[in-house]
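Structure first, commentary second.
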Amino acid sequence: MPEGHMIHVDARRFDEAMTGHVVHTDSPQGRFAEGAAALDGRTLRGTEAWGKNLFLRFSGDSPQYLHVHLGLIGGWTWWDHDHQQLSGRPVVKADSSNVRLRLRVGRGDAERSAELRGAITCTLVDEEGLDTAVAKLGPDPLRDDADPGVAWAKVRKSKKPIGGLLLDQGVTAGAGLIWRAEVPFLAGVDPHRPGVDVTEDEFTTMWSEMARVMRDAVERGGKEITTDPEDRPETDGHVSRDDAFYVFRRDGEPCLRCGTVVRVAEMGTRKVWWCPTCQPS
DNA sequence: AATTTATGTCAAT
DNA sequence: TTGACCTAAATTT
């Protein structure tokens, strides 16, 4: 269940474990057998994470890139040499029958592998294919080369609600349902407010808050927490799901800042949550 | 044991 | 706007 920050966690994991190494690939489930055969024995040169898309760049002839988009339910599972699960979505049964792509590096104690299941996209692309995919995406707040001005130019012209614009991958790449709810809260903006009615200052705040909370999540290995420590109960180190967010999935509960009951509404086909007091329209 | 849900996207209608 | 697609955990029967 990945939002964009998880893709950056995955990219970092690939860089640590596999970049610079010869990778052996296969497709136990068989659906990506051709692609796996084409990659087998190549060296991983590096990774690119952009929004919810991950690109792994390999040595050898074009196409050099593996493009992965996890969709709603895809995920990576990492294993060490004893086939002990290191991290990633818990796998109840270590059954590889639904593993679309497996990548392995190293031997003996140094062996590491990554297994991909359930992805909506898993294809080999060339440089042009990468450019085409990236061209559809807005700036990713987690990327050093991100230009927030590109997103602002779209927001300020749009009558669509800011809560919807943030979820639009062509506006801000990487934001999912959590951030589209939490970021407007952090900026004090009603998610229903049309883009044209958002001030530049408010947009700047939303951009920097989004970058901050997503970066924090990456540093925690993916765990999302947007609440400040003083806004949640003391629970030495452990932050429960319910205390981690100000509004996300907290409809009917009191706002952690002002006590007003948090509301929920349909926006597009999906939900959005907000505090009507902290987030004036 | 069966059904629903989940932090998503795209194509077809 | 709706349906298809992909998988595992949570929830209901």
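Its first residue numbered -1, the first sequence is counted upward by one per residue in the working numbering.
All residues carry an ideal CB built from backbone N, CA and C; glycine is no exception.
Taking a contact as a CB-CB distance under 8 Å, the pair Ala34 and Thr41 does not count as one, their CB atoms being some 16 Å apart. Distance from the CA atom of Leu175 to the CA atom of Gln27, rounded to whole angstroms, is 31 Å. With a minimum length of 3 residues, the unbroken runs of beta strand (DSSP E) contained wholly in the segment 93 to 156 fall at 99 to 103, 110 to 115, 119 to 123. Nearest neighbour of Arg10 by Cα position, chosen from Ala31, Gly18, Thr45, turns out to be Thr45. With contacts defined as CB atoms closer than 7 Å, Ala215 and Glu207 fail to qualify as a contacting pair. DSSP places Met212 within a helical segment (H, G or I) once states are collapsed to three.
Closest in alpha carbon position to Ala15, among Asp124, Ser25, Leu54, Pro0, is Leu54. Taking 7 Å as the cut-off, the Cβ atoms of Val262 and Trp271 count as close. Nearest to Arg213 by C-alpha distance, out of Pro139, Asp166, Val187, Arg239, is Pro139. Restricting attention to alpha helix (DSSP H) runs no shorter than 4 residues, the segment 21 to 105 encloses them at 31 to 37, ordered along the chain. For Val259, the secondary structure class from DSSP, reduced to helix, strand or coil, is strand. Here Pro159 carries a strand assignment [DSSP, helix/strand/coil]. Remark: C-beta atoms of Asp8 and Leu64 do not approach each other more closely than 7 Å. The C-beta of Gln62 has 16 or more other C-beta atoms within 10 Å across all chains shown, which makes the residue buried. A direct Cα-Cα distance of roughly 15 Å separates Arg43 from Leu128. As the crow flies, the alpha-carbon of Val153 is around 22 Å from that of His3. Listed in chain order, the non-local C-beta contacts of Thr225 below 7 Å within the same chain comprise Asp241, Ala242, Phe243, Tyr244, Leu254, local neighbours out to five positions each way being set aside. Between Pro182 and Pro189, the C-beta spacing is below 7 Å. For Arg11, the enclosing alpha helix (DSSP H) covers residues 2 to 15. Per the C-alpha coordinates, the member of Arg218, Met204, Arg268 positioned closest to Gly162 is Arg268.
The beta-bridge partner set that DSSP reports for Val194 is empty. Judged by DSSP secondary structure, Arg178 falls within the alpha helix (DSSP H) whose first and last residues are 175 to 185.
Its Cα nearest to that of Ser85, the residue Phe12 stands out among Met204, Trp48, Phe12.
In chain order, Thr75, Trp76, Trp77, Val89, Ala92 place their CB closer than 8 Å to the CB of Gln83, counting only its own chain and leaving out the 5 sequence neighbours on each side. Looking at the backbone, the Cα of Arg248 and that of Val196 are separated by about 24 Å.
Taking the Cα of Gly147 as reference, the smallest distance to any Cα among Val169, Phe56, Val21, Glu113 is reached at Val169. If you look at Lys269, you'll find it in the beta strand (DSSP E) that goes 268 to 272. In the three-state reduction of the DSSP assignment, Glu228 falls in the helix class, which pools H, G and I.
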